[in-house]
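One structure is given here, and the rest of the page talks about it.
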Amino acid sequence: MSRERSLALMSELTREMFYIADPMCSWCYGFAPVIQGIHAQYQDRIKISLVTGGLRVGNEHRLTEELKATLADHWKHVEELTGQGFNYDFAVPEGFIYNTEPSCRASVVMRKHNGDEVFPFFDTLHRAFYAESRDLTDTEVLKELAESHELDGDTFLASFEDKETLRQTYEDFAFGHNLGIRGFPSIVLKDDRGLALLTSGYQNFEDLSPVIDDWLESGATSNAAKG
């Protein structure tokens, strides 16, 4: 490999992509194959980092039948556009509160202790909630899912309950909020000139890939896809 190509690769790897998403966001679940494609195509050229979004943090309202029906209608639209399957029975425990903070915090735990598994774990959380109706507010469920990604259960629980992990989770939420991110999924690109929004909302891989290629070739982000 030439010295020029080596330097070019080093420069590319200083670029970073922030994927801002929530485990209990239906559009993020729909976007899962897209971010997987981006990861497969670009992980050797871009550092790709997960930032949890905090879609519904601190929510204290119990899930009603009316809200279930509203969610089902929304999920049908996501499924039609993305092909991701949903369990419309949504058999979560009675009194379920749609609070996404615990699943976001679990993702931060995985990022801290087994970073190579954070994106696969995030996908597992999506499927557990949307396809299997698992209760992602239940710490034991989160521990079980973390163990399936080679993270010791006791290590998970200790880190999950650690105040530092909670602080880091809220730092994630603040990161997106301070950038003006109000919808998920969102992707922010970073290079030596600063930050640029690639997309806020669902886009398919075929639309995003040329923009990423252009950014890698020229640093241009003015043509970034918009959602």
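Reading the sequence shown from the start, the letters are residues 35 to 261 in the numbering used here. Ideal Cβ positions, reconstructed from N, Cα and C, are used throughout, including at glycine. Quantities reported herein were computed from a predicted structural model and do not represent experimental measurements.
My output table needs one value for Glu265: the three-state DSSP class, helix, strand or coil.
Examination of residue 265 is not possible in this model, given that the chain is present from 35 through 261 alone.
Nearest to His108 by CA position, among Gly64, Trp249, Lys224, is which residue?
Gly64
Tell me whether Phe218 sits in a helix, a strand or coil according to DSSP, three-state version.
coil
Give the DSSP-derived three-state secondary structure of Val245 in the structure shown.
When DSSP states are grouped into helix, strand and coil, Val245 belongs to the helix group.
Quick test of your reading: Thr134 and Asp188, contact by CB under 8 Å. State the CB separation rounded to the nearest angstrom.
Thr134 to Asp188, Cβ: 24 Å. No contact.
If I measure Cβ to Cβ from Asn148 and keep anything under 7 Å in the same chain, skipping five residues before and after, which residues do I get?
His183, Glu184, Leu185
Glu113 by DSSP, collapsed to three states: which one?
helix
Residues in its own chain within less than 6 Å of Gln264 by CB, not counting five upstream and five downstream?
Because residue 264 is not part of the residues shown, which for the chain are 35 to 261, the question remains open.
Are the C-beta of Leu105 and some C-beta of chain C separated by less than 8 Å?
Absent here is chain C; the protein component of the structure consists of one chain.
Within the continuous alpha helix (DSSP H) that includes Met144, where are the two ends?
First-last of the alpha helix (DSSP H) with Met144: 135–147.
As an exercise, report each continuous beta strand (DSSP E) stretch of at least 3 residues that is fully enclosed by the region 52–119, in chain order.
81–86
Host beta strand (DSSP E) of Gly129 (start-end):
First-last for Gly129: undefined, no H or E at that position.
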